[in-house]
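To start, the structure itself, in structure tokens.
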Amino acid sequence: MSRRTKEFKDYYSILKVSQNSSQEEIKKSFRNLALELHPDHNPDDPESEEKFKEVTEAYGVLSDPLKKNEYDRFRADYHAGRTTGSSNFHYSQEDIFSSMF
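Here you go:
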């Protein structure tokens, strides 16, 4: 059995959507979670910033069709035991926010 070097992040679970969700559903869930978890709305929760970053990372991948396709292949390989939990998804935070507004 392969040794998993880094915890796998299930972006669908993080955004509380299914793999079959539309881009509209993914965006709606992201917006709701981002508002709920934003550090400015949770000044007494030291974990809110980390949760917000995780939700933003998940949206950054699932909102981009190419990254989502790559992630879906990686996720399938991970669940089949053909890869470790480490991944290399790169995106710009500015790209995410500019696509929202």
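In this text, residue positions in the sequence shown follow numbering that gives the first Met the number 0: the first is 0, and each later residue adds one. The beta carbon of each residue, even a glycine, is placed where N, CA and C say it ideally should be.
The DSSP-derived three-state label of Phe7 is coil.
Annotated as proximal: Val54 and Leu36, with beta-carbon spacing under 8 Å. The Cβ atoms of Gln22 and Ser62 lie closer than 8 Å to each other. Remark: C-beta atoms of Tyr70 and Leu14 do not approach each other more closely than 8 Å. With a threshold of 16 other beta carbon atoms within 10 Å, Ser28 meets it and is buried.
Between the alpha carbons of Ala79 and Ala33 lies a gap of roughly 31 Å. Excluding five sequence positions before and after Thr82, the CB atoms of its chain that fall closer than 7 Å to its own CB belong to Phe73 and Asp76, given in chain order.
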